[in-house]
Amino acid sequence: MGRLLIPLVLIALAFWVVSFVDCAMQPPTRHRGASKKVWVLITIIPVIGGVLWWTIGRARRNQMTAEPRPIAPDDDPTFSQQLAEDRIRRLEEEIALLDMEAAFDMPDATKPDAKKPDANKPGEDDDARDDDRK
Numbered sequence: 030m031g032r033l034l035i036p037l038v039l040i041a042l043a044f045w046v047v048s049f050v051d052c053a054m055q056p057p058t059r060h061r062g063a064s065k066k067v068w069v070l071i072t073i074i075p076v077i078g079g080v081l082w083w084t085i086g087r088a089r090r091n092q093m094t095a096e097p098r099p100i101a102p103d104d105d106p107t108f109s110q111q112l113a114e115d116r117i118r119r120l121e122e123e124i125a126l127l128d129m130e131a132a133f134d135m136p137d138a139t140k141p142d143a144k145k146p147d148a149n150k151p152g153e154d155d156d157a158r159d160d161d162r163k
């Protein structure tokens, strides 16, 4: 019986110290049911104070309103919407740039007011070809 009592006392002592330190180190917003001073006084009571602290007094992270839990980008609908809008805006800008390039790079032969050389009329091109043949 004595051999079992010593480890139980050491475990109870360790639990009491951890409970007291945890209660004392938590910010006041993490204490439920009573103020921080009252919880520190409650945790002075060995074992019972620690059990009360861990079951009633300590606020869980997801219950706190001071620190909202961050949302992953894949789960955030506003993030996904913003990505889609950014992509659409970039694509529209690229299309506008391509349209501008196409308007400036249009060859003279395809412009509506440009005159195409008549293939049946002899011209300078025919003379150049004749010189190449000789």
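The numbering of the sequence shown is the numbering used here, which starts it at 30 and goes up by one.
Just so you know, even glycine gets a beta-carbon here, dropped at the ideal spot from N, CA and C.
This structure is a prediction, so every number in the text was calculated from the model and none was measured.
According to DSSP, what are the bridge partners of ARG87?
Numbered from its first residue, the sequence shown carries residue 87 at position 58. Note: ARG87 sits in a beta bridge opposite HIS60.
Kindly indicate the opening and closing residues of the alpha helix (DSSP H) around ALA132.
As a position in the sequence shown, residue 132 is number 103, starting the count at 1. It spans 106–133 - the alpha helix (DSSP H) in which ALA132 sits, taken as one unbroken run.
Distance check for LEU39 and ARG32, CA to CA, integer angstroms please.
Numbered from 1 along the sequence shown, position 3 holds the residue referred to as residue 32. Numbered from 1 along the sequence shown, position 10 holds the residue referred to as residue 39. If I take the Cα positions, the gap works out to 12 Å.
Assuming VAL46 is part of the alpha helix (DSSP H), what are its boundary residues?
Working through the sequence shown from its first residue, we reach residue 46 at position 17. First-last of the alpha helix (DSSP H) with VAL46: 31–54.
CB contact flag (ARG87, ARG116, <9 Å)
In the sequence shown, the residue the question calls residue 87 occupies position 58. In the sequence shown, the residue the question calls residue 116 occupies position 87. No; because the gap between Cβ atoms is not below 9 Å, this pair is not in contact.
If you follow the alpha helix (DSSP H) that VAL69 is in, where does it begin and where does it stop?
One-based indexing of the sequence shown puts residue 69 at position 40. Per DSSP, the continuous alpha helix (DSSP H) segment holding VAL69 begins and ends at 65–72.
Under 9 Å between C-beta atoms of VAL28 and PHE44:
Nothing can be reported for residue 28, as the shown portion of the chain is limited to 30 through 163.
Here's a check: name, in chain order, each residue in its chain whose Cβ is nearer than 8 Å to the Cβ of LEU42, leaving out the five neighbours to either side.
Working through the sequence shown from its first residue, we reach residue 42 at position 13. Correct list, in chain order: PRO75.
Since I believe GLY78 is in contact with SER48 (beta carbons under 8 Å), could you give me their beta-carbon distance rounded to a whole number of angstroms?
As a first step, residue 48 is located in the sequence shown; it is residue number 19 there, counting from the start. As a first step, residue 78 is located in the sequence shown; it is residue number 49 there, counting from the start. 7 Å between Cβ atoms; contact.
Does DSSP put ILE77 in a helix, in a strand, or in coil?
Your numbering for residue 77 matches position 48 in the sequence shown. Helix.
Of all the options CYS52, ILE85 and ARG61, which has the alpha carbon lying nearest to the alpha carbon of LEU70?
Residue 70 sits at position 41 when you count from the first residue of the sequence shown. Here the closest residue by C-alpha is CYS52.
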